[in-house]
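Going down the list, the sequences are from chains F and E. Note that the first sequence covers residues 4 to 289 in our numbering. Note that the second sequence covers residues 7 to 247 in our numbering. Here's the structure, in structure tokens; my notes come after.
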Amino acid sequence: MDLATILIQLLNSVQYGLLLFLISSGLTLVFGIMGVINLAHGAMYMIGAYLAYAFVEWTGSLGVAILLGIPVMLIVGIVIERFLIDSLYSRDHLFQVLLTFGLILILNDIQSILWGNDTHGVPIPDMLNGSISLTDNMSYPVYRLAVSVVCLALAIGMYWVIQKTRLGMTIRAGASNREMVESLGINVRTLFTIIFAAGVALAGLGGILSAPLSSVYPGMGDNVLIICLVVVVIGGIGSIKGAFWGAMMIGLVSTFGPVLIPSLSSVMVYLVMALVLLVKPRGLFA
Amino acid sequence: MTLENSDYIIEAEGLQVFYGASHVLHGVDFSVKRGETVSLMGRNGMGKTTTLRSMLGFVPPKEGRVKLFGCDVTGARPFNVIKRHLAYVPEGRGMFHNLSVREHLEMPARPAMDGTWRWNFDRVMDTFPRLSERLNHMGSQLSGGEQQMLAIGRALMTNPELLILDEATEGLAPLIREEIWRIINIIKNDGISTIIVDKNIGPILDMADRNVILVKGNIVFEGSSDDLRANPDILARNIGV
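So, in structure tokens, the structure goes:
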């Protein structure tokens, strides 16, 4: 590999890692703080991508799709948490697994009814539909850079909220000792609704941003869910910082792995997860 | 009745509480007036913590009522009871391992019922100088005594009308215990009503305006510290001291 190829692969891995972080951060918050295993997180990503397709078809603008898609996903998150998840907090994890698995089937059917089973494409906005030259014969797409910038800005924003605001302190406290948060007169139920809705919105935003990079197709969230679970386990359940570094690690491994050791490319991320768990059984930042 | 006009901060009437088939409280009546310090005594497993948790909504009573400033809050969720100017320092201190000392104090801060901030960050620092040296330490990095001070300081940051202390001196070294009693005295002199559950009878009798003794989920004594000092057999029979 020459230097330019390494640079492009590095940019790809950072972009993929940042997008993975965006999706995984919601999963790790919901899992770590609420103790809910949301298997439908990948399906939320898929719904986000389909919303991008629908809104771009309707308005012609990905920006408008983002502005409309995020509130829609927030509402979806609030409705699911209030009417479905809320009754399962005191139950065994198996009930949550069954419920959220059922949600995958329902969301897949809704997607099939609303948009059919064809594969769709979402065009890259004209403003971002170019490339930046890295060398005489190598360039990098502007849209991928823009996605990285958006994800990085969101990562910094999330870090600021979690580390510097009272809401963030309360969220972290909830991850540590939920009953004590309630003992301080704070409504944990509302906190959980906010966290779940934010998690769903982040997954949806991941889907919207991914839509122009890949096709929009049925079941596209399944693989994303598995990779996000790997990221959450590597980073440590409930840790935003862990999700960030776990996602960057998976981004690097997924991009460089197939180039450096092609024969192990399909199992590389799982090997990394196994190695991390051998050294730190609770994940890097739990 | 408005919150401000009631003489009683909290009133529990006829609390009947069960854990599964186990009948833990048998019609407990318990109340605290404004400015009053009340002790709740009894051997382990007699229902002291259950009485507190039942009044706060963590363990809803099967029968009985709980009133806060005259308003019925029976069956209300704990946050909804506690946010109405109560503060609860549970047994075990309830530290957040991932929050610093400063964050423990800033996170729950809210004004008193009259909108003032009698207790704020600076006053808590003045009252607990040891904490001011540990502001960036995580809750789990503190000693037991420092954790207890932080738990009380955190509760004071909510500017409560009633502070509930469950086993605040348990497991602490004698010198630290003395320090905690000194702080509880400051809180009492500040006019904050207090419920104290503790095994150190001497300081409790010095501090409490009224004492309640629980045996097997029943109240067997209610009276002043002078009454208890005059009848040591009551303590010997029911507490074992």
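Ideal Cβ placement from N, Cα and C applies to all residues, glycine included.
Counting only runs that start and end within the stretch 83 to 171 of chain F, where is the alpha helix (DSSP H) found for 4 or more residues in a row? Runs of the alpha helix (DSSP H) inside the stretch 83 to 171 of chain F: 96 to 118 and 145 to 167.
If we call anything under 8 Å between Cβ atoms a contact, is T56 (chain E) one with V95 (chain E)? Here residue 56 (chain E) is taken as the residue at index 50 of the second sequence, counted from 1. Here residue 95 (chain E) is taken as the residue at index 89 of the second sequence, counted from 1. The answer is no: Cβ separation not under 8 Å.
Simplified DSSP assignment, three categories, for L178 (chain E): In the second sequence, the residue the question calls residue 178 (chain E) occupies position 172. Three-state result, L178 (chain E): coil.
Kindly confirm or deny that the stretch 96 to 113 of chain F and the stretch 39 to 48 of chain F touch, where touching means at least three C-beta pairs closer than 8 Å. Contact holds: three or more Cβ-Cβ distances are below 8 Å.
Using a C-beta cutoff of 8 Å, does M37 (chain F) count as contacting chain E? Here residue 37 (chain F) refers to the residue found at position 34 of the first sequence. Cβ-Cβ to chain E under 8 Å: no for M37 (chain F).
To the nearest angstrom, how far is the alpha carbon of I2 (chain F) from that of H110 (chain E)? Only positions 4 to 289 of chain F appear in this structure, which leaves residue 2 (chain F) out of reach.
How many whole angstroms separate the CB atoms of L25 (chain F) and L208 (chain F), which I take to be in contact at a CB cut-off of 8 Å? Taking the first sequence and counting its residues from 1, the one referred to as residue 25 (chain F) is at position 22. Taking the first sequence and counting its residues from 1, the one referred to as residue 208 (chain F) is at position 205. About 6 Å separates the two Cβ atoms, so the contact holds.
Is there a Cβ of chain E sitting closer than 8 Å to that of T122 (chain F), yes or no? Walking along the first sequence from the start, residue 122 (chain F) turns up at place 119. So, not an interface residue.
Of all the CB atoms in chain F, is at least one closer than 8 Å to the CB of F85 (chain E)? The residue given as residue 85 (chain E) occupies position 79 in the second sequence. Chain F contact via Cβ: present.
Excluding five sequence neighbours on each side, which residues of the same chain lie with their C-beta closer than 7 Å to the C-beta of N104 (chain E)? Numbered from its first residue, the second sequence carries residue 104 (chain E) at position 98. Once the five neighbours on either side are set aside, the close Cβ partners of N104 (chain E) are M144.
Throw me the rounded Cβ distance for the I243 (chain F) and T31 (chain F) pair, which I believe falls under 8 Å. In the first sequence, counting from the first residue as 1, residue 243 (chain F) sits at position 240. In the first sequence, counting from the first residue as 1, residue 31 (chain F) sits at position 28. Yes, I243 (chain F) and T31 (chain F) are in contact; Cβ-Cβ is about 7 Å, under 8 Å.
Tell me whether the beta-carbon of V59 (chain F) lies closer than 8 Å to the beta-carbon of V125 (chain F). As a working mapping, residue 59 (chain F) is identified with position 56 in the first sequence. As a working mapping, residue 125 (chain F) is identified with position 122 in the first sequence. Taking 8 Å as the cut-off, the Cβ atoms of V59 (chain F) and V125 (chain F) count as close.
Less than 8 Å between CB atoms is the rule here; does F24 (chain E) satisfy it with respect to chain F? In the second sequence, counting from the first residue as 1, residue 24 (chain E) sits at position 18. So, not an interface residue.
M144 (chain E), DSSP secondary structure in three states: Here the question's residue 144 (chain E) lines up with position 138 in the second sequence. DSSP places M144 (chain E) in the strand class (E or B) of the three-state scheme.
Cα-Cα separation, T173 (chain F) to W187 (chain E): For the purposes of this step, residue 173 (chain F) is taken as residue 170 along the first sequence, with counting starting at 1. For the purposes of this step, residue 187 (chain E) is taken as residue 181 along the second sequence, with counting starting at 1. Near 29 Å, if we compare the C-alpha coordinates of W187 (chain E) and T173 (chain F).
Would you mind listing the alpha helix (DSSP H) stretches within the stretch 186 to 245 of chain F that are 4+ residues and don't spill past its ends, in chain order? Considered as a whole, the stretch 186 to 245 of chain F harbours 191 to 213 and 224 to 238 as its complete alpha helix (DSSP H) runs of no fewer than 4 residues, in chain order.
Could you tell me whether the Cβ atoms of I16 (chain E) and M52 (chain E) are closer together than 8 Å? Translated into positions along the second sequence, residue 16 (chain E) becomes position 10. Translated into positions along the second sequence, residue 52 (chain E) becomes position 46. No.
Say whether chain E places a C-beta atom closer than 8 Å to the C-beta of L187 (chain F). Position 184 of the first sequence, counting from 1, holds the residue named residue 187 (chain F). So, interface residue.
Range covered by the beta strand (DSSP E) that runs through A93 (chain E): As a first step, residue 93 (chain E) must be located in the second sequence, where it is residue number 87. A93 (chain E) -> beta strand (DSSP E) spans L92 to V95.
With a cut-off of 8 Å, does the C-beta of N50 (chain E) fall near any C-beta of chain F? In the second sequence, the residue the question calls residue 50 (chain E) occupies position 44. Proximity of N50 (chain E) to chain F, defined by a Cβ-Cβ separation below 8 Å, is not satisfied.
Checking contacts by CB at 8 Å: is F102 (chain E) closer than that to chain F? As a working mapping, residue 102 (chain E) is identified with position 96 in the second sequence. Yes, its Cβ sits closer than 8 Å to a Cβ of chain F.
Under 8 Å between the Cβ atoms of Y146 (chain F) and L157 (chain F)? Reading the first sequence from its first residue, position 143 is the one you call residue 146 (chain F). Reading the first sequence from its first residue, position 154 is the one you call residue 157 (chain F). No. Outside cutoff.
From what residue to what residue does the beta strand (DSSP E) around N217 (chain E) run? If you number the second sequence from 1, residue 217 (chain E) lands on position 211. Here the beta strand (DSSP E) through N217 (chain E) covers R216 to V221.
Stretch pair the stretch 211 to 223 of chain E + the stretch 125 to 142 of chain E: three plus CB contacts closer than 8 Å: Segment contact: the stretch 211 to 223 of chain E against the stretch 125 to 142 of chain E, fewer than three CB-CB distances shorter than 8 Å; contact not assigned.
Only counting runs of 3 or more residues, tell me where the beta strand (DSSP E) segments fall wholly within the stretch 34 to 89 of chain F, in order along the chain. The qualifying runs do not exist here; there are none.
Are L287 (chain F) and G241 (chain F) closer than 8 Å when you measure CB to CB? Within the first sequence, the letter at position 284 stands for residue 287 (chain F). Within the first sequence, the letter at position 238 stands for residue 241 (chain F). For the 8 Å CB-CB criterion, L287 (chain F) and G241 (chain F) do not form a contact.
Cβ of P96 (chain E) less than 8 Å from any chain F Cβ? Counting from 1 along the second sequence, the entry for residue 96 (chain E) is found at position 90. At a cut-off of 8 Å between beta-carbon atoms, P96 (chain E) makes contact with chain F.
If V218 (chain E) sits next to F85 (chain E), beta carbons under 8 Å apart, how far is it from one beta carbon to the other, in whole angstroms? The count along the second sequence starts at 1 and reaches residue 218 (chain E) at position 212. The count along the second sequence starts at 1 and reaches residue 85 (chain E) at position 79. Between V218 (chain E) and F85 (chain E), the beta carbon gap of about 26 Å keeps them out of contact (Cβ cut-off 8 Å).
What residues of chain F sit near T164 (chain E), judged by a beta carbon separation below 7 Å? As a first step, residue 164 (chain E) must be located in the second sequence, where it is residue number 158. Correct list: L187 and G188.
Please list, in chain order, the chain E residues whose beta carbon lies closer than 8 Å to that of V191 (chain F). By 1-based counting over the first sequence, the position of residue 191 (chain F) is 188. Listed by position along chain E, the residues whose Cβ is nearer than 8 Å to that of V191 (chain F) are F85.
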